[in-house]
Amino acid sequence: MESKSFENNTNIQNIESSLELTSLNDNIANEHLISMGYVPEMRRKMSTWSLLGAGFSITNSWLACAVFLALSIYSGGPLMPIYGIIIGAFFGLCTGISLGELASAYPTSSGQYYWTIVLAPKKYAPFLSYLCGSLTWAGSIFCNAATSMLTAQMIVSVHALLAGPDFEIKNWMIFITFQLCNVASFLFSCIGKLLPTYATLALYISLISFAVTLVTVLSKSSGNFNSSKFIFVEFNNQTGWSSSAIAFIVGLINPAAAFGFLDSATHLAEECIEPEVIIPKAIMFTVAVGFVTALSYTIGICFCITDLDTILSSNTGMPILDIFYLALKNKGGAILLMVMLITSVFFAFIMVQSYASRISWSFSRDNGLLGSRYWRQIHPQLGVPLNAGIMITLWTAACGCLYMASSAGFSSLISGAVLFMMLSYIVPIICMLIRGRNSFKHGPFWLNSVGYAANVLTIFWTIFCLVFFCFPFSKPVTKDNMNYISVILVGFTAWCVIYWIFRGRKVFSTADMHQTGFEELDGEAIKVEAIVHEKTVRDNSSM
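Heads up: the sequence shown is residues 1 to 543, going by the numbering used here.
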C-alpha cells in the first residue's frame, strides 16, 4: 500500500513539476491537456508559422502532384490530374473541416484514437480507439516509407539523366539510397529544438521551389505551349481498362494522396500554445494553399509538355525531371530545378519522420504498441521521442526491403498510407455523428451545419476510395502491377483483432480514464483538474 501511495504521489508531483516549468500561456494549454488525462511532457516550442509549415510540408500538395504527374496522365491525359485535384481538394476540405472541429475540441497528440475513445459508445470505445490508433500508426509508417522512396527515386533520377538514355535504374540503387535517406531524416529529426526551424524552412523552401520551377519552365516553353483542348478536354486512357470511368477513378489515388495526411498538425498539439485555435488554422491553410499551388502548377506544367510519349517512357523514373530537361534543353538547368524539389522533399521527410514518431509516442502512452514502455519515453536532453523515432526508422527500413522483393507490393504500401489514414479519420467522425454533434463541448473552431455536411461527405469519400483504390491500376493484371492493398488492409485488421483479444484489451487504457477526466493510478482515482486548480491558486497567492 505504501508503494502504491508513493507512486500516486510521484505522479502528482510529476504533474506539478511539469506545470512549474511552463509559462502562463503554456499552463493554459497544459491544463486542457491534463483535463484530458495526460501529463504534459513535450516542450511547447512550435509557433503558429512553424505549425503551419509542418502541416503544409507533410502534405505538400503541389509537389506530390508534380512527381506523380505522369501516373495521373497515364490514367486519362492531362485533364485527369487537373480535375482530380479539384475533386481531391474538395473532399480534402471536407476532411479538414471534420478534423479541425475535433482537434479544436480535444487538442492532443493522440489525435484520432483519443477522439474515438471520448466519443464512441462506452462498450465499444476501447477496441475502436485501439483500432483507430493502430491504423494511424501503420499509416504513418507507410507515409514515412513512401517519402523515403520518393526522395530516393528523385536523387537516382538525377544520376540517370546525367548517365544518358541507355542507363537503366536498378532496384538496388533505389534501395541503398532509400535506406540512406531514411537514416538521414531520422538524425535530423532528433534535434528537437530545431524542429520549428525545420518546419518553417520546409514551408518557405517548398513555396520558393514552386514559384521558381514553374516560372522557369513556363518562360522557357513560351511560344510552344499545348492547346487548351489537349489540357482540359481530351481524355486519353492508357490503363487498359475498357471503362474510361474506372480508369479515371483509379487515377484519383494521386490527387487523394496530395490532400492526405491532414492530421499531421494534430500530432504536434502538445508542442504549441493555443492548439485548439492554431491546429484548425494549419489544416485549413494546408488545404487552401495546397489547392492553389497544386492546380496552378499542374496546369502550367501540362501546357509545357511537348513530348508526352518521351515523358511517359522516361528512363529517369521521374518524368518531372524530363519535363524540366525538355523545356530548358539543358541538363544542368534541369538538375538545378530538380535539386530544389529534392530539397523540398527532404525537409518534408524530416517532418514526416517527426509526425510518425509523435504518433508512435502518443499511442504508446496508452499502451497501444508492443514494447510501449520503451516507445513512450521522451529523451531528456533532446526533447523528442527518440526511441519511437528509432522504431519508425527500423520499420521504414523493413518496408524498403519489401521493395527489393516486390516493387508492386511496396507501391501498395503507398496506397495503404492514404487509405489507412482515411479510415482512421472516419472512425471518430462516425462516432461523433452517432453520439450527436452537440453532445460534447465544442472548441473555438465549429461550423454547425457546414461541419455536419463535411462529416457526411468525408465518410462517403472514404468508402468510395476504399472500394476503388483496391482496383488494379492497369490491365491486364500481372504480378508486377497487382494492387495488394486489400490484402494488406485485411491482414493488418486481422492482426489488430488477434492482438486485441489476447493482449490489447488487458493493457490498453480504458475509455473511462479519458471520458471522465480521471486518471486511474493503481485503483485510486485522482482528479487531475483539481491538481491544476490547486497549483494555480497557490501560484496566484504567492505573487
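Virtual Cβ for every residue (Gly too), placed ideally from N, Cα, C.
Separation of G443 and E274 (C-alpha to C-alpha, rounded to the nearest whole angstrom) is 11 Å. The Cβ-Cβ distance between A258 and S412 does not fall below 8 Å. Straight-line spacing of the CA atoms in G260 and L99 works out to 12 Å. Closest by C-alpha distance to L180, out of F349, Y124, D263 and F210, is F349. Restricted to the stretch 214 to 249, the alpha helix (DSSP H) segments that are unbroken, complete and at least 4 residues in length are 228 to 232, listed in chain order.
Boundaries for W446: no alpha helix (DSSP H) harbours it, and the DSSP string shows neither H nor E there.
Residue state for C304 is assigned as coil, using DSSP reduced to three classes. By the neighbour-count criterion, in which a residue is buried when 16 or more other Cβ atoms sit within 10 angstroms of its Cβ, Y106 is buried. Under a 10 Å Cβ-count criterion, M80 is classified as buried, with 16 or more other Cβ atoms of the shown protein chains found around its own Cβ.
Annotated three-state conformation of M46 is strand, per DSSP.
Fewer than three pairs of CB atoms, one per stretch, sit closer than 8 Å, so the stretch 127 to 139 makes no contact with the stretch 303 to 322. In the structure shown, the three-state DSSP call for C272 is strand. Within the stretch 343 to 382, not a single complete beta strand (DSSP E) segment reaches 3 residues in length.
A contact is defined here as three or more CB-CB pairs under 8 Å, and the stretch 377 to 393 meets this definition with respect to the stretch 351 to 367. I429 is a Cβ neighbour of I459, given a cutoff of 8 Å.
For F142, the enclosing alpha helix (DSSP H) begins and ends at A125 to A163.
Relative to the Cα of S110, the nearest Cα in the group D366, S407 and Y484 belongs to D366. Contact between L203 and S57 holds, since their C-beta atoms are separated by about 6 Å, short of 8 Å. Here P196 is buried, its C-beta having at least 16 other C-beta atoms within 10 Å.
With a beta-carbon spacing of about 6 Å, E271 and K45 fall inside the 8 Å limit used to define contacts. Contact annotation, L402 with L466: C-beta distance approximately 22 Å; criterion of less than 8 Å not satisfied. For C470, the closest of G416, K479, A454 and S424 by C-alpha to C-alpha distance is G416. If the five residues before and after I82 are omitted, its C-beta is found closer than 8 Å to the C-beta atoms of I231, F232, L295, T298, I299 and C302, all from its own chain and listed in chain order. Under the Cβ criterion (8 Å, minimum of three pairs), the stretch 369 to 386 does not count as touching the stretch 153 to 170. Put simply, of S148, I434 and A408 the residue whose alpha carbon is nearest the alpha carbon of I485 is A408.
Using a C-beta cut-off of 8 Å, the stretch 64 to 80 makes contact with the stretch 307 to 314, since at least three inter-stretch Cβ pairs fall below that distance.
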